[in-house]
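Below you'll find the structure, written out as structure tokens, and then a few comments.
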Amino acid sequence: MSLLDRHRAVMPGWMPVYYGDDALEIVSGGGRRVTDARGRTYLDFFGGVLTTMIGYDVAEISDAVRAQIGTGVAHTSTLYLIRRQVELAEKIARLSGIPDARVFFTNSGTEANESALLMATNVRRSNQILAIKNSYHGRTFATMAVTGHRSWSSSSLSPLSVHWLASADRLRGRMAGLTDADLLDAAVDDLREVLATVTAGDVAALIAEPVQGVGGFVHGPDGLLGAYRKVLAEHGILLIADEVQTGWGRTGDHFWGYQAHGVTPDLITFAKGIGNGFALGGVVGRAEVMNAVPAVSFSTFGGNPVSAAAGNAVLDYVLDHDLQGNARRVGGILLGGLRALSYGILAEVRGRGLMIGLEFVRAGTTEPDPAATLRVFDLCREGGLLVGKGGLYGNVLRIGPPLTLTEDEAREGLAILSEAIATADAESHIA
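Per the working numbering, the sequence shown starts with residue 1060, numbered consecutively.
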């Protein structure tokens, strides 16, 4: 049996695997490149879903992890002091922009968002949450409840009462075709209407991604979260920024995605890139909100000595090498080159820094075209480039390479992408 056959024999059918019957097994990596079991090397523009943020085989991270493992202690639990955990918490609290911040470590973004929702609902004594359509926040009951993306919502059971705001999608829906100013006005009107019509009593929080990840990197204009916050403040409603994909400088212009909006959240959730492949996530927030959990609670493996050692090395690397600045510069090369393309199937190029979405449609319409998207996706692989997929209709290519991507690698990937889009566009005319 092939590895794929063995995978299908023991793994649940709802776990997606890219490339169908020609699935990849990645066996080694270095820098921004990975090699599969057949010996072919690819330039990686997806980084394990924006998780391998520094790249592969990074000495500073490997050395830090080996040093911790060399002590013989991989786990102690938070019932004992963990030096590396405290050090990492101090750094994140300082970088969060939140005064007198506290940090709680988890294993994943799902667990981080679940924890933030627990804190917010406790301090506000309400289970009502505002969420945004086209969002993704995780796979537990509460985080699925605030996920506005049917493909990723596998149950309607929920401990929360969720009220929905419109997404900032400019191609279709309530915000289609709006200017930045008009979208901000419409979003505020939408929020006020929701609060006035479908909520009851106090609302706990709004949870929002500064750039929607699984939703295809849809994002509103600068200032959107700030405009929301003015209304939320009138009602004492908290703001949770889900920075699982946008944090650590990925958007280029800012260290956190929320900083584009002139606002400071009450809680920030993080995961993915901070571990560069090691399981690490968490919440940082205002002390009075973080301390609101009324019972004993901890995460067995969250912030364990090994993952905390990796997290410290990752964060130090990000800061020491100005990866935020690199994301801005190198992302500008990609965005500029992609926005210069003119093909009927490419409806929109959007994003910030090294977080870029390409939305594909049937030429001359805004009708989503998942088939053209898949064709470009497969052609990229044939050309030696790995990218991701997403979007509400499965018609968005997601680009989220390691933040260490070089200018030459950006141009290499851009050439492969451009050729793949041109080929798929030409084939669409024949079809």
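No residue lacks a Cβ here, since even glycine has one placed at the ideal position from N, Cα and C.
*For residue 1389, which option in 1152, 1459, 1216 has the closest C-alpha, if you only look at C-alpha atoms?*
Of 1152, 1459, 1216, the residue nearest in Cα terms is 1459.
*Please report the Cβ distance between residue 1359 and residue 1136, rounded to the nearest whole angstrom; I am assuming they are in contact, meaning their Cβ atoms lie under 8 Å.*
Indeed they touch by this definition, with Cβ atoms about 6 Å apart.
*residue 1194 and residue 1268 look like a contact to me (Cβ under 8 Å); what is the Cβ gap, rounded to whole Å?*
Under the criterion of beta carbons closer than 8 Å, residue 1194 and residue 1268 qualify as touching, at roughly 6 Å.
*Count the other CB atoms, across all protein chains shown, that sit within 10 Å of the CB of residue 1457; report buried if there are 16 or more and exposed otherwise.*
That one is buried.
*Rank 1417, 1446, 1433, 1391 by C-alpha distance to the C-alpha of residue 1466 and give the top, closest one.*
Distance from the Cα of residue 1466 is smallest, within the candidate group 1417, 1446, 1433, 1391, for 1391.
*Going by Cα to Cα distance, which pick from 1327, 1290, 1321, 1408 is closest to residue 1302?*
With distances taken between Cα atoms, residue 1302 lies closest to 1327.
_Using a 10 Å radius around the Cβ and a threshold of 16 neighbouring Cβ atoms, would you call residue 1289 buried or exposed?_
So residue 1289 ends up on the exposed side.
*Report the partner residues of residue 1329 according to the DSSP bridge assignment.*
Looking at the DSSP output, residue 1329 shares a beta bridge with 1341.
*Nearest to residue 1224 by CA position, among 1198, 1213, 1256, is which residue?*
Distances from the CA of residue 1224 to each of 1198, 1213, 1256 were compared; the closest alpha carbon is that of 1256.
*Three-state secondary structure (DSSP) of residue 1195*: Coil, per DSSP.
*Whole-angstrom Cβ separation of residue 1334 and residue 1370, contact assumed at under 8 Å?*
6 Å between Cβ atoms; contact.
_Distance, residue 1230 Cα to residue 1424 Cα_ = Approximately 10 Å, taken between the alpha carbons.
*With distances taken Cα to Cα, identify the nearest neighbour of residue 1477 among 1155, 1401, 1205.*
Comparing alpha-carbon positions, the option among 1155, 1401, 1205 lying closest to residue 1477 turns out to be 1401.
*For the alpha helix (DSSP H) holding residue 1358, just list the boundary residues, first then last.*
Counting along the chain, residue 1358 falls outside any alpha helix (DSSP H), and DSSP gives it neither H nor E.
_Please return the same chain residues whose Cβ sits closer than 8 Å to the Cβ of residue 1124, not counting the five positions on each side in sequence._
Taken in chain order, the residues that qualify are 1337, 1365, 1368, 1369, 1372.
*residue 1274 vs residue 1449 beta-carbon contact at 8 Å*: The Cβ atoms of residue 1274 and residue 1449 sit closer than 8 Å to each other.
*For residue 1180, which residues of its own chain have a beta-carbon under 8 Å away from its beta-carbon, when the five flanking residues on both sides are left out?*
Closer than 8 Å at the Cβ level, and outside the excluded window around residue 1180, lie 1186, 1188, 1219, 1263, 1264.
*Euclidean distance between Cα positions of residue 1315 and residue 1270*: So the alpha carbons of these two residues sit roughly 11 Å apart.
_DSSP three-state label for residue 1155, please._
In the three-state DSSP reduction, residue 1155 falls in the helix class (H, G or I).
_Alpha-carbon spacing of residue 1109 relative to residue 1272, whole angstroms_ = The straight-line gap separating the alpha-carbon atoms of residue 1109 and residue 1272 is approximately 9 Å.
_Assigned secondary structure, residue 1304 (DSSP; H/G/I helix, E/B strand, else coil)_ = In the three-state reduction of the DSSP assignment, residue 1304 falls in the coil class.
*Indicate whether residue 1418 and residue 1430 have their beta-carbon atoms separated by less than 8 Å.*
Not closer than 8 Å, so no.
*Could you give the DSSP three-state label for residue 1212: helix, strand or coil?*
Coil.
*Tell me the DSSP bridge mates of residue 1223?*
Beta-bridge pairing links residue 1223 to 1190.
*Using three-state DSSP, classify residue 1137 as helix, strand or coil.*
In this structure, residue 1137 counts as coil in the three-state DSSP scheme.
*Take the Cβ of residue 1414 as the centre, count every other Cβ of all protein chains shown within 10 Å, and call the residue buried at 16 or more, exposed below.*
By the C-beta density criterion, residue 1414 is buried, having at least 16 other C-beta atoms within 10 angstroms.
*Ends of the beta strand (DSSP E) at residue 1264?*
Note, residue 1264: beta strand (DSSP E), 1264-1267.
*Decide if residue 1169 is buried, meaning its Cβ has at least 16 other Cβ atoms within 10 Å, or exposed.*
The residue is buried, with at least 16 neighbouring Cβ atoms inside 10 Å.
_residue 1297 to residue 1164 span [Cα, whole Å]_ = The straight-line gap from Cα to Cα measures roughly 20 Å.
_Quick check on residue 1071: buried or exposed, where buried means 16 or more other Cβ atoms within 10 Å of its Cβ?_
Residue 1071 comes out exposed.
*Buried or exposed for residue 1183, please, with buried defined as at least 16 other CB atoms from any protein chain shown within 10 angstroms of its CB.*
Residue 1183 is buried by the Cβ-count criterion.
*Determine the direct distance from the alpha carbon of residue 1324 to that of residue 1299, and round the result to whole angstroms.*
Distance between the alpha carbons of residue 1299 and residue 1324 is about 6 Å.
*Endpoints, beta strand (DSSP E) assigned at residue 1164*: Residue range 1160-1165 is occupied by the beta strand (DSSP E) that includes residue 1164.
*So, helix, strand or coil for residue 1426, using DSSP?*
Here residue 1426 sits in coil by DSSP.
*State the CB to CB distance for the pair residue 1105 and residue 1355, rounded to an integer number of angstroms; the pair is presumed to be in contact (CB under 8 Å).*
Between residue 1105 and residue 1355 a beta carbon distance of about 39 Å is seen, past the 8 Å cut, so the two are scored as non-contacting.
_Own chain residues within Cβ distance below 6 Å of residue 1076, not counting five before or after_ = Hits under 6 Å: 1082.
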